[in-house]
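Note that the protein sequences, when read in sequence, are chains W and C. Our numbering applies: residue 5 is where the first sequence begins, and numbers increase by one. Our numbering applies: residue 242 is where the second sequence begins, and numbers increase by one. Beta carbons are placed, not taken as given, at the ideal position from N, Cα and C, and that holds for glycine. A quick note: this is a predicted structure, and the numbers were derived from the prediction, not measured. Here the structure is laid out as structure tokens; the discussion comes afterwards.
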Amino acid sequence: MKKDDSIKFLQGNEACALGGITAGARFFAGYPISPASEIAELSSLLLPQRGGIYLQMEDEIASIAAVIGASLGGMKAFTSTSGPGLSLMQENIGFAIMAEAPCVIINVQRFGPSTGVATRPGQADVMAARWGTHGDHGIIVLAPTSVQECYDLTIEAFNLAEALRTPVILLTDATLAHLREKVVTKTDKELSIISRQKPHQVTGDYQPYRPGPNGVPVLPDFGDQNILRITGLVHDHDGYSTPKPQTAGDLVHRLLQKIEGATGLMPTPRYFGSNDPEIVIISFGISARSSREAVNRANDQGVKARLMQLPTIWPFPEEAVRNACSDAKAVLVAEMNSGQICREVRACGIQREKVVGVNRADTAVITPGEILQAIKEVMIL
Amino acid sequence: MPETCKIMLEGSGGQGLGLGGKILAEAAVANGLNAAQSQSYGAQARGGFSSAEVIISTQEIVFPLVDEPNTVIALTSQAYERNKGLPEKGGLLLYNTVNSRSSQTGIAGRSTISARALGFPFSLEAQNAGNPKGITLLAIGTLLALTDIVKAGYLEETLRDNFSPSIAEANLDCFWQGLTLGRKAKKPWC
Chain W
5 MKKDDSIKFL
15 QGNEACALGG
25 ITAGARFFAG
35 YPISPASEIA
45 ELSSLLLPQR
55 GGIYLQMEDE
65 IASIAAVIGA
75 SLGGMKAFTS
85 TSGPGLSLMQ
95 ENIGFAIMAE
105 APCVIINVQR
115 FGPSTGVATR
125 PGQADVMAAR
135 WGTHGDHGII
145 VLAPTSVQEC
155 YDLTIEAFNL
165 AEALRTPVIL
175 LTDATLAHLR
185 EKVVTKTDKE
195 LSIISRQKPH
205 QVTGDYQPYR
215 PGPNGVPVLP
225 DFGDQNILRI
235 TGLVHDHDGY
245 STPKPQTAGD
255 LVHRLLQKIE
265 GATGLMPTPR
275 YFGSNDPEIV
285 IISFGISARS
295 SREAVNRAND
305 QGVKARLMQL
315 PTIWPFPEEA
325 VRNACSDAKA
335 VLVAEMNSGQ
345 ICREVRACGI
355 QREKVVGVNR
365 ADTAVITPGE
375 ILQAIKEVMI
385 L
Chain C
242 MPETCKIMLE
252 GSGGQGLGLG
262 GKILAEAAVA
272 NGLNAAQSQS
282 YGAQARGGFS
292 SAEVIISTQE
302 IVFPLVDEPN
312 TVIALTSQAY
322 ERNKGLPEKG
332 GLLLYNTVNS
342 RSSQTGIAGR
352 STISARALGF
362 PFSLEAQNAG
372 NPKGITLLAI
382 GTLLALTDIV
392 KAGYLEETLR
402 DNFSPSIAEA
412 NLDCFWQGLT
422 LGRKAKKPWC
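As structure tokens, then:
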């Protein structure tokens, strides 16, 4: 019985920690919270073994601040939390967006609002992840549906963070966090790992915040010969703060555009079921697993249904959603909240009456049976 | 046996249901099968109702939670009562019987009631093995002997990976005792 060491049996949380470390993360700062704590726990074990640093902070505000500091010092850095901690991190997530500090925030969603139910899942942080921090901004949010995807998408989150110099949020949930499944792991040499660009040399006219390729500046690390000025204020290409409307407008436009213009780098929707669907189900995270089972059962019963699973939630894949839904008789959106993605689907310009939410906001995972029932109900209409 | 086993391990806190479920699922993966395991988290007092769920399949596991189990190990009366209708639906129920006054957790007065509802003195056997906490692994041994879901060798190997050597030996004794119990019984799918 020879063991294949690349095949592991892991919890979602463990897969996130391993994925981050495989992606090159060598710094983690966090504060324990159910149902995310195992990410910190495993990081505290593995990072020191790999020359990395684990810091347990006094709270989530300090955690994200330490992560931003480590990132600006040149390390790939991440933190993990759940809803109450995400709320505390919002101010500094905005700072990381403005200062262009790459980092990954893993938010293991639990039932909310507030402290809600600590051990039960929710999917209601979709809008908190998008709009939690103030001001116009772009953000990348990825959502895994399996333990394998917890591993894969954490690596992807680091790649996007480093390529675009921006925070990336991974949205998992309490169910995925504690679910154990088979994971095929890879070494960093078997993967395409992106590391951030750095300026080559000191030159007299070096401007750290001058837009580089794809609008992403090539910033030095703290401590390099090139001086790095960091601020959350509107700043010019030299990094000096200024209130000039032109500078402010250009900066915010660039910060939005570098994300919106890079959707080609982001994981694209996955489709399961009928190729010629009458019913399209749009879902993400653990609800997408229920949806896929419901689609299988519907297909077995002769109903042409198809699942569109969204690994990238923000930027919202508007064009793909429009294409997927154009010929469908009905579109179901399955999510464990009161309709946060459903609202986005409608905003894509799909006929309002065609889009039906399948929602649970009561700490329970939506079952395949419930989604199948919803499919049957819209077929009758 | 079905190509997808949706297994519930039910009993009371302290019986090692969560860890037993994890070891069973991990062994299935080592055996080249697909597996998913989860358990209820939260404030579960020792002695209160507790459960763990495991799906083992030769196929890809699409929905990873047990919506309707087809295999249940029930270690307490409460767990038995919750699942006693399962054999009528074609499922397999292995339950803990009481053959000893010292056993607190068994189900009194029931012997095997059908080919798919099989009673075994799991508590008593675990006590006799000197390891009452090994009850879940003992029952898993019986399940594997009856169904061949996972080859016993993979479970033994996984068990050794999950415990220090001395604890592993005590648990292996329970597991082997469970295998012996199961091998003496009539296979439910034969």
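Where residue i falls, given that 16 or more other Cβ within 10 Å makes a residue buried
i              : result
D389 (chain C) : exposed
E244 (chain C) : exposed
K1 (chain W)   : The displayed coordinates of chain W run from 5 to 385. Any statement about residue 1 (chain W) would go beyond what the structure contains.
R296 (chain W) : buried
H257 (chain W) : exposed
H204 (chain W) : exposed
R184 (chain W) : buried
A351 (chain W) : exposed
G287 (chain W) : For the record, residue 287 (chain W) in the displayed sequence is Ser; it is not Gly. Buried: at least 16 other Cβ atoms inside 10 Å.
N17 (chain W)  : buried
T383 (chain C) : buried
H239 (chain W) : buried
D242 (chain W) : exposed
L258 (chain C) : buried
T191 (chain W) : exposed
R424 (chain C) : exposed
Q256 (chain C) : buried
W135 (chain W) : exposed
C431 (chain C) : With a pLDDT of 42 at C431 (chain C), under the threshold of 50, the modelled position of this residue cannot be trusted, and the question is left open.
Q53 (chain W)  : exposed
T316 (chain W) : buried
Q313 (chain W) : buried
G116 (chain W) : buried
R326 (chain W) : exposed
Under 7 Å by beta carbon: chain W residues contacting residue i
i              : result
D308 (chain C) : T371, P372, G373
P508 (chain C) : Lying outside 242 to 431, the shown extent of chain C, residue 508 (chain C) is not represented and no answer is given.
N337 (chain C) : None at all; the shortest Cβ gap to chain W is about 25 Å.
K263 (chain C) : R184
Residue i - DSSP class collapsed to helix/strand/coil
i              : result
R114 (chain W) : strand
H239 (chain W) : strand
R342 (chain C) : Low local confidence applies: a pLDDT of 43 at R342 (chain C) is under 50, so the model's placement there is unreliable, with the coordinate-based value given in what follows. The answer is coil: DSSP assigns R342 (chain C) none of H, G, I, E or B.
M102 (chain W) : helix
Q355 (chain W) : coil
Y336 (chain C) : strand
Y275 (chain W) : strand
M93 (chain W)  : helix
P125 (chain W) : strand
T299 (chain C) : coil
S318 (chain C) : helix
E339 (chain W) : strand
G120 (chain W) : coil
T251 (chain W) : helix
I231 (chain W) : coil
Q344 (chain W) : helix
S420 (chain C) : What sits at residue 420 (chain C) in the sequence shown is Leu, not Ser. DSSP places L420 (chain C) in helix when its eight states are reduced to three.
K80 (chain W)  : coil
G288 (chain C) : coil
Y395 (chain C) : helix
Rounded distance between the beta-carbons of residue j and residue i, thought under 8 Å
i              : j              : result
G262 (chain W) : L168 (chain W) : Note that residue 262 (chain W) is Lys in the sequence shown, not Gly. Indeed they touch by this definition, with Cβ atoms about 6 Å apart.
N324 (chain C) : L334 (chain C) : 6 Å
V151 (chain W) : L195 (chain W) : Incorrect: roughly 17 Å between the Cβ atoms, too far for contact.
I43 (chain W)  : S86 (chain W)  : The Cβ separation is near 10 Å, so there is no contact.
T176 (chain W) : Q113 (chain W) : 7 Å
M249 (chain C) : V307 (chain C) : 6 Å
I65 (chain W)  : N96 (chain W)  : 7 Å
S278 (chain W) : N300 (chain W) : Contact flag wrong, Cβ pair sits at about 10 Å.
I379 (chain W) : L336 (chain W) : 7 Å
A69 (chain W)  : L59 (chain W)  : No, A69 (chain W) and L59 (chain W) are not in contact; Cβ-Cβ is about 11 Å, not under 8 Å.
Which residues DSSP lists as bridging residue i, in chain order
i              : result
D177 (chain W) : W:Q113
Q15 (chain W)  : W:R184
Q283 (chain W) : Per the sequence shown, residue 283 (chain W) should be read as Ile rather than Gln. BP columns for I283 (chain W) point to W:A309, W:A334.
L400 (chain C) : Partner(s): none; L400 (chain C) has no beta bridge.
P171 (chain W) : W:C107
I248 (chain C) : C:V295, C:T312
T85 (chain W)  : W:N111
Residues that residue i contacts on chain W, provided the C-beta gap is smaller than 8 Å
i              : result
V313 (chain C) : Correct list: empty, because the minimum Cβ distance to chain W is about 18 Å.
E267 (chain C) : F13, R184
Cross-chain neighbours of residue i in chain W, by beta carbon under 9 Å
i              : result
K425 (chain C) : Going along chain W, no residue has its Cβ under 9 Å from K425 (chain C), so there is no contact; the nearest lies around 27 Å.
A276 (chain C) : F13, R184, E185, K186
Beta-carbon neighbours of residue i, restricted to chain C and to distances below 7 Å
i              : result
N300 (chain W) : V303
Contacts of residue i in chain C (Cβ-Cβ under 9 Å)
i              : result
E297 (chain W) : V303, F304, D308
Near the ligand FAD: residue i beta-carbon under 6 Å from a heavy atom
i              : result
G288 (chain C) : Here there are no bound small molecules, and the ligand FAD is not part of this structure.
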